[in-house]
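Report on the structure given below.
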Amino acid sequence: MSEAVKPISRGKQFVQWGLIAVLAAIIAIATLPHYVSGQWPWSAPPKVPQINQLRTLIETPLVLPGWERTFHQEVSISGNSWSLAEYHMAEGDSADQTSSFALLLRPQPWHDDKPGVEWVDLVGAQGWQVNDLHHLRFSVTDSNDAALQLTTRYFRGLGEDATFAVMQWYAWPTGGHPSPGKWFWADQMRQWSQRERMPWVAVSLLLPIEPVGDIRPYSETAIAIGQAVQTSLMQSAFSKI
36 MSEAVKPISR GKQFVQWGLI AVLAAIIAIA TLPHYVSGQW PWSAPPKVPQ
86 INQLRTLIET PLVLPGWERT FHQEVSISGN SWSLAEYHMA EGDSADQTSS
136 FALLLRPQPW HDDKPGVEWV DLVGAQGWQV NDLHHLRFSV TDSNDAALQL
186 TTRYFRGLGE DATFAVMQWY AWPTGGHPSP GKWFWADQMR QWSQRERMPW
236 VAVSLLLPIE PVGDIRPYSE TAIAIGQAVQ TSLMQSAFSK I
């Protein structure tokens, strides 16, 4: 035989309704300012911290230890602003092709801009025939001596007048990769954990080589310069992010 359900006393009912009323009042007080202003916490999209600092890369080239900057100019590629700088070794024979390189940077223009077609734009603008495309990987250390892993795309860019060993990647404060999809997931993680967007800079490194030359002997040089570029970005444009 089942037990009869005991009725809730009138006093307990008053206590329960009183607690509900108090909670409702607390919620109302907390949400009233947002209701009046029309600004809810979830209605404001996350932003890139220090976006203006990032954009100064167009006007202020990177300082790279062991290299002297000999040229800098803002250039337009497919309607987008890029920084173009040329560097030569601080010491060495400037006639040696391995002692100079060009660096193209496109920092994220605004909070909601995403990487996407930068590599296609550059190949089209340069009129390159792309050969021997593969990945090169390297690591750098951050301010806490933690190793950050980066992946780049590396290929021979064969043009009408010159041939280059080309290294490209999207750089961000905690790593880098040539695929926009990798940045997307890093951006999602940062939004969930810090309510901020993950800033990015498109990096394209051009090493002049002999016509129709083999790019593999230049891999170590490209990696060394790539490490210097990523480190300089972390110490400048990404330093306060």
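Be aware that the sequence shown starts at 36, since it is given in this note's numbering, and climbs by one per residue.
No residue lacks a Cβ here, since even glycine has one placed at the ideal position from N, Cα and C.
By Cβ distance below 6 Å, which residues in the same chain neighbour residue i in space, the five residues on each side in sequence not counted?
| i | result |
| --- | --- |
| S135 | H123 |
| V83 | H146, R232 and P234 |
| Q226 | P81 |
| P215 | P150 and G151 |
| R112 | According to the sequence shown, residue 112 is Ile rather than Arg. Taken in chain order, the residues that qualify are D156 and A160. |
Quick check on residue i: does DSSP put it in helix, strand or coil?
| i | result |
| --- | --- |
| D196 | coil |
| W154 | helix |
| T91 | helix |
| R141 | strand |
| P243 | strand |
| K82 | strand |
| A160 | helix |
| T209 | coil |
| V264 | helix |
| D222 | helix |
| R188 | strand |
| I276 | coil |
| S271 | coil |
| A259 | helix |
| W28 | Residue 28 is absent from the structure shown; the chain starts at 36 and stops at 276. |
| I250 | coil |
Check whether the Cβ atoms of residue i and residue j lie closer than 8 Å to each other.
| i | j | result |
| --- | --- | --- |
| Y205 | A237 | yes |
| L171 | L139 | no |
| G194 | Q161 | yes |
| R90 | P96 | no |
| W220 | P150 | no |
| Q85 | V175 | no |
| A125 | W102 | yes |
Note down, in chain order, each residue of its chain lying with its Cβ closer than 8 Å to the Cβ of residue i, except the 5 sequence neighbours on either side.
| i | result |
| --- | --- |
| V116 | As written in the sequence, residue 116 is Ser, which differs from the Val given in the question. Contacts found: I93, E109, V110, R141 and P144. |
| S129 | Since pLDDT at S129 reaches only 49, below the 50 mark, its modelled position is unreliable, and no value is offered. |
By Cβ distance below 7 Å, which residues in the same chain neighbour residue i in space, the five residues on each side in sequence not counted?
| i | result |
| --- | --- |
| F199 | G192, L241, L242, P243 and I244 |
| V247 | L193 and T198 |
| W163 | G192, L193 and G194 |
| L168 | R188 and F190 |
| I276 | P84, Q85, P208 and P234 |
| P100 | A263 |
Straight-line CA distance for residue i to residue j?
| i | j | result |
| --- | --- | --- |
| I250 | E231 | 39 Å |
| E255 | Q88 | 31 Å |
| W207 | L157 | 20 Å |
| G15 | Q203 | The first residue shown for the chain is 36 and the last is 276, placing residue 15 beyond what the model contains. |
| S239 | S178 | 24 Å |
| S274 | I55 | 48 Å |
| P252 | Q223 | 37 Å |
| A272 | V98 | 12 Å |
| E121 | F106 | 5 Å |
| E153 | A137 | 16 Å |
| N166 | S267 | 29 Å |
| T133 | A257 | 10 Å |
| M269 | H212 | 15 Å |
| F173 | V201 | 15 Å |
| G114 | D180 | 39 Å |
(message) For the structure I just gave you, are there three or more beta carbon pairs, one from the region 257 to 276 and one from the region 175 to 190, closer than 8 Å?
(response) Touching, per the Cβ criterion.
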